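>
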Amino acid sequence: MALAEMTEAVPENSQILAELDAVGMRFGRTVALAQVSLSVRRGEIVTVIGPNGAGKSTLLRILLGLLPPSSGSVRLRPGLRIGYVPQRVAIDETLPLTVRRFLSLAIDRAAPGDPQAALIEVGAAGLIDAPVQGLSGGELQRVLVARALLRAPDLLVLDEPAQGVDINGQAELFALIRRIRDRRHCGILLVSHDLHLVMAATDNVVCLNHHICCSGHPEAVTRDPAYRALFGTAADALAIYAHHHDHRHDAHGEEIAEPSGQD
Amino acid sequence: MPGLISMDDFVLRALVAGIGVAAVAGPLGAFIVWRRMAYFGDALSHSALLGVALGILLGVNLNLTIIALCLALALIIVALQHQQRLASDTLLGIMAHASLSIGLLAISFMESVRVDLMGYLFGDILAVTTRDILWIYGGGTVALAVLAYIWRPLLAMTVHEELARVEGVNVTAVRTAFMLLVALVIAVSMKLVGVLLITSLLILPAAAARRFARTPEQMGVLAALSGALAVSFGIAASLRWDTPTGPSIVVAASALYAATNLVPTRRQATG
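Quick note, the sequences are listed as chains A and B, same order.
One point on numbering: in my numbering, the residue at position 239 of the first sequence is 270, and numbering is uninterrupted.
One point on numbering: in my numbering, the residue at position 102 of the second sequence is 1203, and numbering is uninterrupted.
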């Protein structure tokens, strides 16, 4: 359980890399986030799921320090190195930029990485001389992950990594994310509005719809009424999908709750 | 023949000044193109006329007033864009034409001072003085040095601003420095092509360089070269056919851009 109990500052020897404590965010009168608390530990994959517009990206931006929260606090382990995989990268066609050069932008004195080695780690070694603008969705995601890895991150943060990637590519991508965690033992926080495959690749799930509806291990969350209320029929589709992994689960999706906003 | 020598002199000064401006406008213009800021360049350069009026009114050095005004306007634009009440291009269009019109009004009120309005609007490169050249090369050297210093972080935030922030780039400082550079280049190049045409000197050479560049740095250098070529052609054409020099330079730069599009693309062998 990665939620809510932690209020003290992150101690040096703790496994906790980053935590949000009762974070709230308003834009004018709109409440984007209310009382959101969560933490990511070393070696743990935490997935934030929720419908479009639920405040997932806002939450990431607050954790990354790109946006100051209206209330609550963000605590990072001192000296924490974050690797960030943004949701969209739109580089103007007029900028002549190879993958090698794109990756080298992440390298500095504190993170003297090797672009080729990072590409090999994400299974995209052949792309080093390709122009960044010509990459497919799946290729671009791998290159972005490689760039994040060049920072030798303690915490890897991915915003909708599966977006624009075909279904086979998504499975490979989540397998890659798990492999990175196993190999580097870093913490991983990822955000998705897509339920498919996410569940299988994660240790902790946080359902977000402006506030945290429910959280915990994927299996427990998928049985939570709040989760079913949030995702409705999609949750049932996922229950069928999860059936292949979990034979205690009932495959029938009888009680279809109304997919409704919470606020 | 003394007449011939003096003509050579002003042509030489024009060439030296034009090439100096092109050397800075090239790489800076590449960033304007990559960051899709052509409208922003327009808004700033059009406001330069207001800077001229203010400078004359206050009796302050015109270059300094123009730089100060461009920078102030740049900061205002950034602040307004943050609020996002209006689309960015609408906002920039308003700023460009409002400041140009206010500048024109201000100058029209100055009956006591003779102001060469056409010169400020379309440039008067053949009237460039040695003092102007010192401004261009002094300002240009500073601008290129600053650009070289911020090149990497500026490139990183051009590729993805939030990613650059997470990776430790001080985005606000770099952006402000970049705007200061644009303001500086506008101030020193106004004499050459005038406030209405400055943006073309920034974006046309960079656009012409795109097809031949394999790296961002190559594109910056090639843009400087193509700008210098356009200035030379423009001045030559202007002397040959007695056309206005500023527009001639811009036509030369456009022709150069068009010509690069006629060159067949090489299949990239090595990438």
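Heads up, the beta-carbon is just placed ideally off N, CA and C, and yes, glycines get one too.
Note that this is a predicted model, so its numbers are computed, not measured.
Beta-carbon separation of L1281 (chain B) and L1248 (chain B) under 7 Å?
no
> Hey, quick one: how far does the beta strand (DSSP E) through R57 (chain A) stretch, first residue to last?
Element bounds for R57 (chain A): I47 to F58.
> Under a three-way DSSP split, which group does S1213 (chain B) fall into?
coil
> Would you tell me roughly how many angstroms separate the C-alpha atoms of R1311 (chain B) and H224 (chain A), rounded to the nearest one?
38 Å
> Who are the Cβ neighbours of T1231 (chain B) in its own chain at under 8 Å, not counting the five residues just before and after it?
Cβ neighbours of T1231 (chain B) within its own chain (closer than 8 Å, five residues either side excluded): R1114.
> Assign L1303 (chain B) to one of three DSSP states: helix, strand, or coil.
helix
> In the DSSP assignment, the beta strand (DSSP E) including T61 (chain A) goes from what residue to what residue?
Note, T61 (chain A): beta strand (DSSP E), T61 to R72.
> Beta-carbon separation of L48 (chain A) and G157 (chain A) under 7 Å?
no
> Where in the region 1228 to 1307 of chain B do unbroken runs of the alpha helix (DSSP H), each at least 4 residues long, occur, reported from the N-terminal end onward?
1231 to 1260, 1262 to 1267 and 1272 to 1294
> At a Cβ threshold of 7 Å, is D190 (chain A) touching chain B?
no
> In chain order, which continuous runs of the alpha helix (DSSP H) of length 4 or greater are located wholly inside the region 125 to 171 of chain A?
130 to 135 and 146 to 152
> In the DSSP assignment, the beta strand (DSSP E) including T1316 (chain B) goes from what residue to what residue?
Where T1316 (chain B) is concerned, there is no enclosing beta strand (DSSP E), because DSSP gives it neither an H nor an E.
> Does DSSP put N1162 (chain B) in a helix, in a strand, or in coil?
coil
> Check whether the region 110 to 126 of chain A and the region 188 to 207 of chain A touch, using three or more Cβ-Cβ pairs below 8 Å as the test.
yes
> Which runs of the beta strand (DSSP E) fall wholly inside the region 168 to 222 of chain A and span at least 3 residues, in chain order?
186 to 190
> What residue range is occupied by the uninterrupted alpha helix (DSSP H) comprising L94 (chain A)?
Counting along the chain, the unbroken alpha helix (DSSP H) around L94 (chain A) starts and ends at K87 to L94.
> Helix, strand or coil for S246 (chain A)? Go by DSSP, reduced to three states.
In the displayed model, S246 (chain A) falls within a strand according to three-state DSSP.
> When you compare the CB positions of A149 (chain A) and A177 (chain A), do they come within less than 7 Å of one another, or not?
yes
> Step through the CB atoms of chain D and report whether any lies within less than 7 Å of the CB of L1205 (chain B).
Absent here is chain D; the protein component of the structure consists of chains A and B.
> Can you tell which of B:P1306, B:I1178, B:A1288 and B:L1357 has its C-alpha closest to the C-alpha of G1328 (chain B)?
B:P1306
> Give a yes or no on whether 7 Å exceeds the smallest Cβ distance from H1261 (chain B) to chain A.
yes
> Which residues mark the beginning and the end of the alpha helix (DSSP H) in which R1311 (chain B) is found?
Neither: R1311 (chain B) is in no alpha helix (DSSP H) and is coded neither H nor E.
> Since L1145 (chain B) contacts V1153 (chain B) with CB under 8 Å, what's their CB separation in whole angstroms?
At roughly 14 Å, the Cβ-Cβ gap does not stay under 8 Å, so L1145 (chain B) and V1153 (chain B) are not in contact.
> Looking at the secondary structure, which residues open and close the alpha helix (DSSP H) in which N1362 (chain B) lies?
T1346 to L1363
> Along chain B, in chain order, which residues have C-beta atoms closer than 9 Å to that of A137 (chain A)?
A1257, L1264 and E1268
> Count Cβ pairs between the region 1339 to 1352 of chain B and the region 1220 to 1235 of chain B that sit closer than 8 Å; are there 3 or more?
yes
> What is the DSSP secondary structure of G1224 (chain B), counted as helix, strand or coil?
coil
> In chain B, what lies closer than 8 Å to V120 (chain A) by C-beta?
V1260, H1261 and L1264
> Could you tell me which of B:L1193, B:P1365 and B:A1356 sits nearest to A1175 (chain B), measuring between CA atoms?
B:L1193
> Just checking, does the region 129 to 147 of chain A make contact with the region 86 to 96 of chain A on the three C-beta pairs under 8 Å criterion?
no
> Please identify, using Cβ separations under 7 Å, the residues of the region 105 to 132 of chain A that lie next to chain B, in order along the chain.
I113, Y115, P117, V120, I122, D123, T125, L126, P127, L128, T129 and R132
> Say whether the region 106 to 116 of chain A touches the region 252 to 264 of chain A, bearing in mind that this needs 3 or more beta-carbon pairs closer than 8 Å, one atom from each stretch.
Because the criterion of three Cβ pairs below 8 Å is not met, the region 106 to 116 of chain A and the region 252 to 264 of chain A do not touch.
> Between the beta-carbon of C244 (chain A) and the beta-carbon of L220 (chain A), is there less than 7 Å?
No; because the gap between Cβ atoms is not below 7 Å, this pair is not in contact.
> For a test of the three-state rule: what should DSSP assign to L1193 (chain B), helix, strand or coil?
For L1193 (chain B), the secondary structure class from DSSP, reduced to helix, strand or coil, is helix.
> Residues in its own chain within less than 7 Å of P100 (chain A) by CB, not counting five upstream and five downstream?
V54, G55, M56 and I93
> Sort A:S70, A:V163, A:P146 and A:S102 by Cα distance to L181 (chain A) and report the nearest one.
Minimum Cα distance to L181 (chain A) is reached at A:P146.
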